[in-house]
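Visitor:
2 protein chains.
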Amino acid sequence: MTFAEQARAAKDGSRALVTLDRAAKDAALHAMADALLAAAESVLDANALDVAAARDAGTADAMVDRLTLNPTRLHGMVAGLRDLAALPDPVGDVVRGWTNANGVRVRQVRVPFGVVGIIYEARPNVTADAAGICLKSGNAALLRGSSSALNSNLAVVEALQDGLAWLGLPREAVQLVTGGRETTAELMAARGLVDVLIPRGGAGLINAVVEGSKVPVIETGTGNCHLFVDSSADLDAAIAIMLNAKTQRPSVCNALETLLVHADVAPDFLPRALVALGEAGVTVHGTPAVAAYSPAVVPAAEDEFDAEYLSLDLACDIVEDLDAALAHIRRYSTGHSETIVTNDRRSADRFTAEVDAAAVLVNASSRFVDGGEFGFGAEIGISTQKLHARGPMGLQEMTSTKYIVDGDGQTRA
Amino acid sequence: MTFAEQARAAKDGSRALVTLDRAAKDAALHAMADALLAAAESVLDANALDVAAARDAGTADAMVDRLTLNPTRLHGMVAGLRDLAALPDPVGDVVRGWTNANGVRVRQVRVPFGVVGIIYEARPNVTADAAGICLKSGNAALLRGSSSALNSNLAVVEALQDGLAWLGLPREAVQLVTGGRETTAELMAARGLVDVLIPRGGAGLINAVVEGSKVPVIETGTGNCHLFVDSSADLDAAIAIMLNAKTQRPSVCNALETLLVHADVAPDFLPRALVALGEAGVTVHGTPAVAAYSPAVVPAAEDEFDAEYLSLDLACDIVEDLDAALAHIRRYSTGHSETIVTNDRRSADRFTAEVDAAAVLVNASSRFVDGGEFGFGAEIGISTQKLHARGPMGLQEMTSTKYIVDGDGQTRA
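If you read the protein sequences in the order shown, they are chains A and B.
Numbering-wise (the working numbering), the first sequence opens with residue 1 and increments by one.
Numbering-wise (the working numbering), the second sequence opens with residue 1 and increments by one.
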């Protein structure tokens, strides 16, 4: 099939999903899980081909690891589909509604987008995850995975389609988009056939999709997250929050990347903080003012305050006051998650009002900014754009709305 | 100022608006209204220059009329700003919130986008309207008007800026973007400086912005609106709704463009409908099956079912059943407003569930799909896209949200 044929088939397939109730969608998710389990051997065999090809091509070990499936990871994919079946269905929720003076009743109701395109990188487990999220939210999925995972993705999608077919649902509701780079361009140009595109991956992929797509994009972004320790901060809490945000899982977008310390509290806070960070294996990249507190501080280059390290590294500066902290964050923030530790109500209020980010935290670790922690269940990503969805995305963010207007013959005067 | 300087000034200006409470924004709107009234003479003088230039250039009378301001229209602009002051402020509304098991409190709160770009065509009254809507929703406005209205727009914006300055607010919160076509390209490329772009105008303008913009766009679209008269329809109600939707204001996007009649009811309905439409001055463009009912029916070319006439013209066909009506609508709909007249619950339910449009109506005129009729007050347009806003847009749709997370030292386990 050409891409255009695939997209049209997805549009047709999406019509079968729009009117499914929750029970039917949950049954489909369990059938997809069963089919994936039944196909375990062929999926692992296909994955072995991808892994061997990646090794032959000299791919780095970390990348090969991300590409690799094993029985544990495959069972994780199966469990993920069953977990989705246990989540509430946002489709059909009435967002708001009213009755006009003339008796016309209006309801704004959640509906699926229709066809969702997802462009992602090497991990083949995303294939099952993204297909499941789209199905639960009533959307057909066009999955554009990495060519390095092609055999794995083909085997996974075939299994998922078998599960759909067992229940008489169209196989075309979940499709893998194959083909060369020009196919990605076609996907990004398919306005009218594809309703939404979601890139899941690194900054390069996301930027390419946002800048090149004519289809509306939901951007899941990078996180250069800051922690500002205010002059009134509880220093024990500040140390605990700093360590948790930096070290609990350094490779994720809600991890801490820059520490800003109010000058009034730096002499009390920084010596303790630097020791604690050192003991946790964190390298601090500081300005000269910070380096004065410890020989272990590595000099920070100016552009390091732009860095999303995603590692046990932390940029650090001392700022004169809250205004200087706000100015620093305004300059370097990627609008993901920004934290203040303070006991001053006015500082907390100014920080939450003035910082322009998806999430603003007071006296809590930025690691809480996460769909799982927010109780959304499904893990779709964290949006750093301002349209449609901002912050952790759940199934609700995978829907649009429609107005249903009920009358008994009313006309406009 | 270059465009980049303007955009940066708008971003700075937007910071002053983010923390304004409703009273301050309403005072600013009244000051803008007062300043516009005070500048009436210079605005009308400037407009006379634009009108004279348009006449000299041989511009069509209808276009010259849209460009022309007079004291009545200017007072309408002033009244529009005061009306905005009377509307509720969406900023600060808590959309949802909860407390996690560990005591962390989460609120999703409405916030302004920041900087909104609006690209529009000749009417200079849009300048005041768009500036007021942006201000009330806490957004700085970059207004890209038509070069044919340049003098008018400069005079209007200068007056509005005077009003802001009277209250000590930054003039840069409302700016006119001048310069040639390359400036429009810069505006569409200003990702990171401009948060949202809204085109207001014809299909050509909207398509150019949607396809060319790297800044997220809210698309206000065209309406090829259908009315399906089901076999169980109350025919008196169907006639009334049809006439109202077609003739009450034919030039707008929620006006009726295509009538589809169930074959079972065509012999009863069409003779009456064609007479009523003829008496209302409507030209019916029909298939041969429709033309068999009246010599006044003009043969419809195949592509006429794609037309958004915006005039006293109506395409018409007879369809075998509800499925055929749904298939026709699926093929030709622009996803704006689609109507069924029926007394059959199952037909109504299928129509509302299966038709993919911003608004789906049962037994009511599509003219109700309108921000004013929905009680939203402000008139920003009707979105036919599925991301962020779908259907009539009010001030609420001019906002994003932010998560505010409050703790007392919690860290993630």
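Every residue gets a Cβ at the ideal spot worked out from N, C-alpha and C, and that includes glycine.
What you are looking at is a predicted structure, and each value in this text was computed from that prediction instead of being measured.
Going by CA-CA distance only, name the one from B:284, B:311, B:278, B:262 that's closest to residue 341 of chain B.
Guide: Counting from one through the second sequence, the residue named residue 341 of chain B turns up at place 341. With distances taken between Cα atoms, residue 341 of chain B lies closest to B:262.
Visitor: DSSP has residue 112 of chain B in a bridge; who is on the other side?
Guide: The sequence position of residue 112 of chain B within the second sequence is 112, counting from 1. Partner(s): B:399.
Visitor: Counting pairs of Cβ atoms below 8 Å between the stretch 295-309 of chain B and the stretch 179-196 of chain B, do you hit three or more?
Guide: Result no; under three Cβ-Cβ pairs closer than 8 Å.
Visitor: Tell me which residue opens and which closes the alpha helix (DSSP H) that residue 183 of chain B is part of.
Guide: Here residue 183 of chain B refers to the residue found at position 183 when the second sequence is read from its first residue. Taken as a continuous stretch (DSSP letters only), the alpha helix (DSSP H) holding residue 183 of chain B covers 181-189.
Visitor: Exposed or buried, what is residue 33 of chain B when buried is set at 16 or more other beta-carbons lying within 10 Å of its beta-carbon?
Guide: Working through the second sequence from its first residue, we reach residue 33 of chain B at position 33. Answer is buried; the Cβ neighbour count reaches 16.
Visitor: Is residue 379 of chain A close to chain B? Criterion is C-beta to C-beta, closer than 7 Å.
Guide: Here residue 379 of chain A refers to the residue found at position 379 when the first sequence is read from its first residue. Not one chain B Cβ lies under 7 Å of residue 379 of chain A.
Visitor: Quick test of your reading: residue 405 of chain A and residue 369 of chain B, contact by CB under 8 Å. State the CB separation rounded to the nearest angstrom.
Guide: The residue given as residue 405 of chain A occupies position 405 in the first sequence. The residue given as residue 369 of chain B occupies position 369 in the second sequence. Going by Cβ atoms, the distance from residue 405 of chain A to residue 369 of chain B rounds to 7 Å, so yes, they are a contact pair.
Visitor: Contact defined as beta carbons within less than 8 Å: I believe residue 318 of chain A pairs with residue 275 of chain A. What is the distance between those atoms, to the nearest angstrom?
Guide: As a position in the first sequence, residue 318 of chain A is number 318, starting the count at 1. As a position in the first sequence, residue 275 of chain A is number 275, starting the count at 1. With 8 Å as the limit, residue 318 of chain A and residue 275 of chain A do not qualify as a contact, their Cβ atoms being about 17 Å apart.
Visitor: Distance, Cα to Cα, residue 181 of chain A vs residue 284 of chain A?
Guide: Numbered from 1 along the first sequence, position 181 holds the residue referred to as residue 181 of chain A. Numbered from 1 along the first sequence, position 284 holds the residue referred to as residue 284 of chain A. Distance between the alpha carbons of residue 181 of chain A and residue 284 of chain A: 40 Å.
Visitor: So the beta strand (DSSP E) residue 95 of chain A belongs to, where does it begin and stop?
Guide: Sequence index remark: in the first sequence, residue 95 of chain A carries index 95 (1-based). First-last of the beta strand (DSSP E) with residue 95 of chain A: 94-99.
Visitor: According to DSSP, is residue 374 of chain B part of a helix, a strand, or is it coil?
Guide: On the second sequence, position 374 is the one that residue 374 of chain B refers to. Three-state result, residue 374 of chain B: coil.
Visitor: Compare the C-beta of residue 417 of chain B with all C-beta atoms of chain A and state if any pair is closer than 7 Å.
Guide: For chain B, the structure presents residues 1 to 413; residue 417 of chain B sits outside this window and is missing.
Visitor: Is the stretch 68-84 of chain A touching the stretch 128-144 of chain A, taking contact as three or more C-beta pairs under 8 Å?
Guide: The stretch 68-84 of chain A is in contact with the stretch 128-144 of chain A.
Visitor: Listing by chain order, which chain A residues have their CB less than 7 Å from the CB of residue 404 of chain B?
Guide: Stepping through the second sequence from its first residue, residue 404 of chain B is reached at position 404. Per Cβ cutoff of 7 Å: 352, 360.
Visitor: Residue ranges of each alpha helix (DSSP H) run of no fewer than 4 residues wholly in the stretch 43-68 of chain A, ordered along the chain?
Guide: Complete alpha helix (DSSP H) runs here, min 4: 61-67.
Visitor: Please work out which residues of its chain come closer than 8 Å, Cβ to Cβ, to residue 119 of chain A, disregarding the five sequence neighbours upstream and downstream, and give them in chain order.
Guide: Counting from 1 along the first sequence, the entry for residue 119 of chain A is found at position 119. Cβ neighbours of residue 119 of chain A beyond the five flanking positions: 144, 184, 187, 197, 198, 199, 200, 201, 205, 209.
Visitor: Taking the C-alpha atoms as reference points, what is the distance between residue 374 of chain A and residue 238 of chain B?
Guide: Reading the first sequence from its first residue, position 374 is the one you call residue 374 of chain A. Reading the second sequence from its first residue, position 238 is the one you call residue 238 of chain B. The alpha-carbon atoms of residue 374 of chain A and residue 238 of chain B are separated by roughly 48 Å.
Visitor: By DSSP, does residue 196 of chain A sit in helix, in strand, or in coil?
Guide: To locate residue 196 of chain A, count along the first sequence from 1; it is residue 196. Correct three-state label for residue 196 of chain A: strand.
Visitor: Using beta-carbon positions only, say whether residue 359 of chain B and residue 407 of chain B come within less than 7 Å of one another.
Guide: In the second sequence, residue 359 of chain B corresponds to position 359, counting from 1. In the second sequence, residue 407 of chain B corresponds to position 407, counting from 1. No. Outside cutoff.
Visitor: Since residue 119 of chain B sits in a beta bridge, which residues does DSSP pair it with?
Guide: Here residue 119 of chain B is taken as the residue at index 119 of the second sequence, counted from 1. BP columns for residue 119 of chain B point to B:144, B:199.
Visitor: Would residue 401 of chain A count as contacting chain B if we go by Cβ distances under 7 Å?
Guide: Along the first sequence, read from residue 1 onward, the residue named residue 401 of chain A stands at position 401. Answer yes: the Cβ-Cβ gap between residue 401 of chain A and chain B drops below 7 Å somewhere.
Visitor: Give, in chain order, every residue of the stretch 241-261 of chain B whose Cβ lies closer than 9 Å to some Cβ of chain A.
Guide: Within the stretch 241-261 of chain B, the qualifying residues are 241, 243, 244, 245, 248, 249.
Visitor: Of all the CB atoms in chain A, is at least one closer than 7 Å to the CB of residue 30 of chain B?
Guide: To locate residue 30 of chain B, count along the second sequence from 1; it is residue 30. So no, residue 30 of chain B is outside the interface.
Visitor: Give the straight-line distance between the Cα atoms of residue 4 of chain A and residue 40 of chain A, rounded to the nearest whole angstrom.
Guide: For the purposes of this step, residue 4 of chain A is taken as residue 4 along the first sequence, with counting starting at 1. For the purposes of this step, residue 40 of chain A is taken as residue 40 along the first sequence, with counting starting at 1. Approximately 31 Å between the Cα atoms of the pair.
Visitor: Would you please verify whether the beta carbon of residue 211 of chain A is less than 7 Å from any beta carbon of chain B?
Guide: Here the question's residue 211 of chain A lines up with position 211 in the first sequence. Judged by the 7 Å Cβ criterion, residue 211 of chain A is in contact with chain B.
Visitor: Could you list which residues in chain A have their beta carbon closer than 8 Å to that of residue 234 of chain B, in chain order?
Guide: The count along the second sequence starts at 1 and reaches residue 234 of chain B at position 234. Per Cβ cutoff of 8 Å: 409.
Visitor: Could you spell out the range, first to last residue, of the alpha helix (DSSP H) harbouring residue 157 of chain B?
Guide: Translated into positions along the second sequence, residue 157 of chain B becomes position 157. Its alpha helix (DSSP H) spans residues 150-166.
Visitor: Nearest chain B C-beta to residue 237 of chain A closer than 7 Å, yes or no?
Guide: Walking along the first sequence from the start, residue 237 of chain A turns up at place 237. True, the Cβ-Cβ gap to chain B drops below 7 Å.
Visitor: Return no unless some Cβ of chain A is closer than 7 Å to the Cβ of residue 25 of chain B.
Guide: Indexing the second sequence from 1 puts residue 25 of chain B at position 25. Not closer than 7 Å to any Cβ of chain A, the Cβ of residue 25 of chain B fails to qualify, so no.
Visitor: Once the 5 residues before and after residue 264 of chain A are set aside, which same chain residues still bring their CB inside 6 Å of it?
Guide: As a working mapping, residue 264 of chain A is identified with position 264 in the first sequence. For residue 264 of chain A, where only same-chain residues beyond five positions count, the Cβ hits under 6 Å are 231.
Visitor: From the beta carbon of residue 145 of chain B, is the nearest beta carbon of chain A less than 7 Å away?
Guide: Residue numbering aside, residue 145 of chain B sits at position 145 when the second sequence is read from its first letter. Not one chain A Cβ lies under 7 Å of residue 145 of chain B.
Visitor: Helix, strand or coil, according to DSSP, for residue 320 of chain A in the structure here?
Guide: Translated into positions along the first sequence, residue 320 of chain A becomes position 320. The answer is coil: DSSP assigns residue 320 of chain A none of H, G, I, E or B.
Visitor: Mind the definition here: the stretch 329-343 of chain B touches the stretch 374-390 of chain A only if three or more C-beta pairs lie below 8 Å; say whether that holds.
Guide: Segments in contact, no.
Visitor: Are there 16 or more other CB atoms within 10 angstroms of the CB of residue 88 of chain B, so buried, or fewer, so exposed?
Guide: Working through the second sequence from its first residue, we reach residue 88 of chain B at position 88. Exposed, by the Cβ-count rule.
Visitor: I'd like the span of the beta strand (DSSP E) that includes residue 340 of chain B, first residue to last.
Guide: For the purposes of this step, residue 340 of chain B is taken as the residue at position 340 of the second sequence. Segment 337-341, the beta strand (DSSP E) holding residue 340 of chain B.
Visitor: Are the Cβ atoms of residue 418 of chain B and residue 244 of chain A separated by less than 7 Å?
Guide: No information on residue 418 of chain B is available, as it lies outside the stretch 1 to 413 that chain B covers here.
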